[in-house]
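Have a look at the structure below, then the notes.
In structure tokens:
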């Protein structure tokens, strides 16, 4: 008996992913199973892994499904202006290392992040959040994406890096551009790299209790090039995903009746909302990727050596095999794939640091503006057009103006903006 062929490969780009990706992930799972043939921009073939069990398998087996993008068997078809090139262009950062070298680099990052005092980090987040809110509190309206969520993570990173405040505005713009797909992404990435090189030179001269200084002093004996590249990785991984986590959580709390009491006078449900967003609207939807080191089978598909596998993190989070009742809530369940898995997942304690930033940012907002409400109907909120990230383009809100800090001018924490 002959096998029934799969449907034609699905194009993993375009508007179908922008407003309701969850429905499309469900369709992919139904029509193809946990591993689907897809086409990336320019109709470049790849595999889309949507099954929770299969992503777990791929992430656990770094020998069979490796991270070094130079293994890809499609390089001869990739033009110099391919829009996804920033995701796959190899560089000697921790992102693309493997085996003992990866453990050396990731271990140093984890140790540096682990040295951050989370009580002091939370206090600093509160000061920075208050400063940003002061800048718009007197107006009675704001775009909480552009004026708040996007700005907070990099302000905190600047604090953890000991970065000169005057460099923060340009850096946040360049990071946002470098993470997007477009012709300006690579030049923006190079400007961010130059900023990290200047910062590292300063820390050699004047070390402090900051992450670059800790990496310079780490017993892993990292070279300056390694530290610069790994600071770029940490910065990019922290900025847009954390900003989207904040924005998506605020959106959930403003549009879901379960969180009405939190808005009007409490913090109790902020943690629940943050966790629910990681399950339902995770900031990093899909991730490029892993590369098969030999011919193998995965999810009923024949994967060839050098094939690219796209990790469908959001699709795995909605896999009915692990979440048979998606309406049952996610309180206390942190088995999501939103921070990845395995040795190439977010290194400990990066998820905890991100949670301190996101949770404090949302809590301070609710404390300061308790009558916050959407300024537009929820159906008018638009998601950023990206297959890879999940975040709102804008989040317009209104509230009762408060004039104490706003009329006095911005606080020092927010002055770079």
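Residue numbers (UniProt numbering): 1 to 417. C-beta atoms are modelled at their ideal positions from N, C-alpha and C, and glycine is treated no differently.
Starting from residue i, follow its DSSP beta bridges and name the residues at the other end.
i           : result
residue 47  : 37 and 309
residue 145 : The partner list for residue 145 (beta bridge, DSSP) is empty, contrary to what the question assumes.
residue 396 : 143
residue 366 : Partner(s): none; residue 366 has no beta bridge.
residue 8   : Paired residues: none, contrary to the question.
residue 374 : 397
residue 152 : DSSP output for residue 152 lists no bridge partner at all.
residue 233 : According to DSSP, residue 233 bridges with nothing at all.
residue 292 : 65
residue 75  : None, per the DSSP bridge assignment.
residue 298 : 301
Quick one, are the C-beta atoms of residue i and residue j less than 8 Å apart?
i           : j           : result
residue 108 : residue 237 : no
residue 137 : residue 361 : no
residue 227 : residue 161 : no
residue 333 : residue 311 : no
residue 299 : residue 34  : yes
residue 251 : residue 73  : no
residue 59  : residue 391 : no
residue 242 : residue 358 : yes
residue 222 : residue 232 : no
residue 62  : residue 342 : yes
residue 12  : residue 38  : yes
residue 46  : residue 309 : yes
residue 148 : residue 365 : yes
residue 79  : residue 186 : no
residue 399 : residue 371 : yes
According to the neighbour-count rule (16 or more other Cβ atoms, all chains shown, within 10 Å of its Cβ), is residue i buried or exposed?
i           : result
residue 206 : exposed
residue 15  : exposed
residue 8   : exposed
residue 319 : buried
residue 75  : exposed
residue 43  : exposed
residue 421 : In the structure as shown, the chain starts at 1 and stops at 417, and residue 421 therefore has no counterpart that could be examined.
residue 409 : The pLDDT assigned to residue 409 is 44, lower than 50, so where the model puts this residue is not dependable; a value taken from the coordinates is nonetheless given after this. It is exposed - the Cβ of residue 409 has fewer than 16 other Cβ atoms within 10 Å.
residue 40  : buried
residue 416 : Caution applies to residue 416, whose pLDDT of 42 falls short of 50 and renders its modelled position unreliable; the value that the coordinates give is listed next. Label assigned to residue 416: buried.
residue 327 : Legend: pLDDT at residue 327 = 48, less than 50; position of this residue unreliable, no value from coordinates given.
residue 30  : exposed
residue 378 : exposed
residue 297 : exposed
residue 295 : exposed
residue 204 : exposed
residue 344 : buried
Which whole-angstrom value is the C-beta distance of residue i and residue j, which I expect to be below 8 Å?
i           : j           : result
residue 374 : residue 353 : Their Cβ separation, rounded to whole angstroms, is 29 Å, which puts residue 374 and residue 353 out of contact at 8 Å.
residue 395 : residue 145 : 5 Å
residue 314 : residue 21  : 6 Å
residue 282 : residue 336 : 7 Å
residue 106 : residue 347 : 5 Å
residue 93  : residue 229 : 4 Å
residue 52  : residue 316 : 4 Å
residue 118 : residue 356 : 6 Å
residue 389 : residue 240 : 6 Å
Say yes only if the C-beta of residue i is nearer than 7 Å to one or more non-hydrogen atoms of the ligand GDP, and no if none qualify.
i          : result
residue 65 : In terms of ligand content, the structure shown is empty, and the ligand GDP therefore cannot be addressed.
*asked:* Assess contact between the stretch 146-156 and the stretch 192-201, defined as three or more Cβ pairs (one per stretch) separated by less than 8 Å. Is contact present?
replied: Judged by Cβ distances under 8 Å, the stretch 146-156 makes no contact with the stretch 192-201, as fewer than three pairs qualify.
*Can at least three beta-carbon pairs, one atom from the stretch 282-296 and one from the stretch 55-71, be found at a separation below 8 Å?*
Yes, the stretch 282-296 touches the stretch 55-71.
*Inspect the CB distances between the stretch 109-129 and the stretch 168-180 and report whether three or more fall short of 8 Å.*
No, they do not touch.
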